[in-house]
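Engineer: Just passing along the structure, written as structure tokens.
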Amino acid sequence: MSVETENTQAQDVAAEEEAVTPEPDLTSPEATEETAETPEVSDDETPSDETDADDSDAPESEEAEAEAAEEAVEPAAPETSETQPATQVVKRGGFIPMVLGGVVCAALGYAGAQFLKPEGWPFPGANTQELEQQITALEGQLAEIKSVTEGSAAAQTAALGDLRSEFETKFATRDDIAKLDEIAEQLAGFEARMTEIEARPVAEAIVSPEATAAYERQLAQMQDLLDSEIARLEESKEQAVAEETAARIATAKSRLQTRVDAGEPFDSVLSEFGDDIPEALKLAAEGGIPSVSALQESYSDAARAALVASSRAAYEAGEQNWFQTALQTQIGLRSTTPKEGDDADAVLSRAEQSVRDGLFAEAIATLDLLPVAGKAEMQDWIAQAQKRVDVMIALDEFLGR
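The sequence shown begins at 1 in the UniProt record's numbering and counts up one residue at a time.
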């Protein structure tokens, strides 16, 4: 009983000390309540314990109270540490909503900016249509500049080639020109020296008559050499001009011959030859003359019409029977290979062979043997062939053949 009484008294002393010096930072409200409830458990035993305590010694009571006070103070520390995690949980619970709120605000701000400025904020440049148009325009300008540059380069190259050809034809070589320049410089030097000598006073003259004569001879030789070189260069120039003219005329003649043979107009080419042009060429230049192929193709129809007219005239004159006349007029039977005779079919066959060979003058002479009726049917073809013959004769004379 004495031990329990001592424990009870120690607890009372500890409670009084805690009441005198409270520690709010270390002791939680729950620990305070537990300490306060401890005396209430032994209220029934308090009177008997106090009676027994009076009989005990005072020193033992003081030691027991000190030990009880230490035991009462030490258990309070663990309870204080248990309350700290609860406080931390409360702080964590307040940080997460704050972060979520910031994210929501940022999303709402970005969406509002996109709605107010939809052209790619905060990074403009999403609309590329204007850039594509500028790129297309630049590519077109680049292609145009390139085509103009290529055309200009080709024209310059052609012009340089023409100048080079003209220079080469007019002058023999660069060496001749360089040599001529060298001679001219030497001659100028001699003339300057002679002028200087002549300008000196007679009293100061130190050149002997023999030296003067030698200088004069050298000067005369240089002058003769220079004159000969100049004459040679002039001759070369004239020859080059003549050759150039001949080449140009030859080219024009070739073009003229080609156009005449093809039956094309040749007035533009004929104008390059000046005014000395045969009259037959002038008359046919604008429209051209019939080509060889055109005359060959048109001969068959004209010959068939001439044979029909000649056969009917011969039948009416009693020179041909009705059977042969029917074959030639109704069926169109005609000889295509040359044969002898003076009838219309024989004459037309020989003329056709000349036409195949391109001998139109010979064909015209052969057709002159036709009867009047047949010759009348061939008159248009003969006129076209005669036009070609006249122009070709004039062309040969003009070209010097």
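Even glycine gets a Cβ: it sits at the ideal position worked out from N, Cα and C. Predicted model only: the values in this text are computed from it and were never measured.
With burial defined as no fewer than 16 other Cβ atoms inside 10 Å of the residue's Cβ, what is the status of Gly374: buried or exposed?
Structural biologist: Here residue 374 refers to the residue found at position 374 of the sequence shown. Buried is the call here.
Engineer: Between Pro265 and Arg388, is the Cβ-Cβ spacing less than 7 Å?
Structural biologist: Taking the sequence shown and counting its residues from 1, the one referred to as residue 265 is at position 265. Taking the sequence shown and counting its residues from 1, the one referred to as residue 388 is at position 388. No, the pair does not count as a contact, with Cβ atoms beyond the cut-off.
Engineer: Taking only runs that begin and end inside the segment 232 to 291, name each unbroken alpha helix (DSSP H) of 4 or more residues, in chain order.
Structural biologist: Whole alpha helix (DSSP H) segments, 4+ residues: 267 to 270 and 279 to 285.
Engineer: Rounded to whole angstroms, what is the Cα-Cα separation between Phe360 and Ser236?
Structural biologist: As a working mapping, residue 360 is identified with position 360 in the sequence shown. As a working mapping, residue 236 is identified with position 236 in the sequence shown. Cα to Cα, the separation comes out at about 46 Å.
Engineer: Report the rounded CA-to-CA distance for Leu333 versus Ala247, giving the unit in angstroms.
Structural biologist: On the sequence shown, position 333 is the one that residue 333 refers to. On the sequence shown, position 247 is the one that residue 247 refers to. Leu333 and Ala247: Cα-Cα distance of roughly 53 Å.
Engineer: Please check the pair Leu367 and Ala351, which I expect to be a contact at CB under 8 Å, by giving their CB distance rounded to whole angstroms.
Structural biologist: For the purposes of this step, residue 367 is taken as the residue at position 367 of the sequence shown. For the purposes of this step, residue 351 is taken as the residue at position 351 of the sequence shown. Going by Cβ atoms, the distance from Leu367 to Ala351 rounds to 5 Å, so yes, they are a contact pair.
Engineer: Excluding the 5 residues preceding and the 5 following Leu399 in the sequence, name in chain order all residues of the same chain whose CB lies nearer than 6 Å to its CB.
Structural biologist: Here the question's residue 399 lines up with position 399 in the sequence shown. Counting only Cβ-Cβ distances below 6 Å, and skipping sequence neighbours, we find Lys253.
Engineer: Nearest by alpha-carbon distance to Val391: which of Tyr299, Asp301, Ser310 and Ile277 is it?
Structural biologist: Working through the sequence shown from its first residue, we reach residue 391 at position 391. Of the listed residues, the one whose Cα sits closest to Val391 is Ile277.
Engineer: Whole-angstrom Cβ separation of Ala280 and Ala394, contact assumed at under 8 Å?
Structural biologist: The residue given as residue 280 occupies position 280 in the sequence shown. The residue given as residue 394 occupies position 394 in the sequence shown. Indeed, because the Cβ distance is near 4 Å, the residues count as touching under 8 Å.
Engineer: Mind checking which residues open and close the alpha helix (DSSP H) that includes Lys375?
Structural biologist: Counting from one through the sequence shown, the residue named residue 375 turns up at place 375. Counting along the chain, the alpha helix (DSSP H) containing Lys375 begins and ends at Val372 to Glu377.
Engineer: If you follow the alpha helix (DSSP H) that Gln320 is part of, which residue opens it and which one closes it?
Structural biologist: The residue given as residue 320 occupies position 320 in the sequence shown. Taken as a continuous stretch (DSSP letters only), Gln320 belongs to no alpha helix (DSSP H), as it is neither H nor E.
Engineer: Given a cut-off of 7 Å on the beta-carbon distance, is the pair Thr329 and Val308 in contact?
Structural biologist: For the purposes of this step, residue 329 is taken as residue 329 along the sequence shown, with counting starting at 1. For the purposes of this step, residue 308 is taken as residue 308 along the sequence shown, with counting starting at 1. It is a contact, given that the beta carbons lie within the stated cut-off.
Engineer: Taking its Cβ as the centre, do 16 or more other Cβ atoms sit within 10 Å of Met98, making it buried, or is it exposed?
Structural biologist: Stepping through the sequence shown from its first residue, residue 98 is reached at position 98. Label assigned to Met98: exposed.
Engineer: In whole angstroms, give me the CA-to-CA distance for Leu187 and Glu238.
Structural biologist: Locating residue 187 in the sequence shown gives position 187, counting from the first residue. Locating residue 238 in the sequence shown gives position 238, counting from the first residue. Using only the alpha carbons, I get a separation of about 26 Å.
Engineer: What is the residue span of the alpha helix (DSSP H) that Glu362 lies within?
Structural biologist: Mapped onto the sequence shown, residue 362 falls at position 362. Counting along the chain, the alpha helix (DSSP H) containing Glu362 begins and ends at Phe360 to Leu367.
Engineer: Kindly list the residues whose CB is nearer than 8 Å to the CB of Leu369, restricted to its own chain and excluding five residues on each side of it in sequence; keep chain order.
Structural biologist: For this step, residue 369 is matched to residue 369 along the sequence shown. So the list reads Asp342 and Val347, once near-sequence residues are dropped.
Engineer: State buried or exposed for Leu327, treating a residue as buried only when at least 16 other CB atoms are found within 10 Å of its CB.
Structural biologist: Counting from one through the sequence shown, the residue named residue 327 turns up at place 327. It counts as exposed.
Engineer: Is Ala385 closer than 7 Å to Leu295 when the C-beta atoms are compared?
Structural biologist: What you label residue 295 is simply residue 295 of the sequence shown in a count that begins at 1. What you label residue 385 is simply residue 385 of the sequence shown in a count that begins at 1. Yes.
Engineer: Output the boundary residues of the alpha helix (DSSP H) element that contains Asp345.
Structural biologist: Indexing the sequence shown from 1 puts residue 345 at position 345. Its alpha helix (DSSP H) spans residues Ala344 to Arg356.
Engineer: Beta-carbon separation of Ser335 and Ser354 under 7 Å?
Structural biologist: Translated into the one-based positions of the sequence shown, residue 335 becomes position 335. Translated into the one-based positions of the sequence shown, residue 354 becomes position 354. Taking 7 Å as the Cβ cut-off, Ser335 and Ser354 do not qualify as a contacting pair.
Engineer: Excluding the 5 residues preceding and the 5 following Arg217 in the sequence, name in chain order all residues of the same chain whose CB lies nearer than 8 Å to its CB.
Structural biologist: In the sequence shown, residue 217 corresponds to position 217, counting from 1. Cβ neighbours of Arg217 beyond the five flanking positions: none.
Engineer: Kindly indicate which residue of Glu196, Gln379, Ala365 and Ala363 has the alpha-carbon position closest to the one of Ala306.
Structural biologist: As a working note, residue 306 is residue 306 in the sequence shown. Nearest C-alpha to Ala306: Gln379.
Engineer: For Glu196, is the beta carbon positioned less than 6 Å from some heavy atom of the ligand HEM?
Structural biologist: Among the ligands in the structure shown, none appear at all, so the ligand HEM cannot be discussed.
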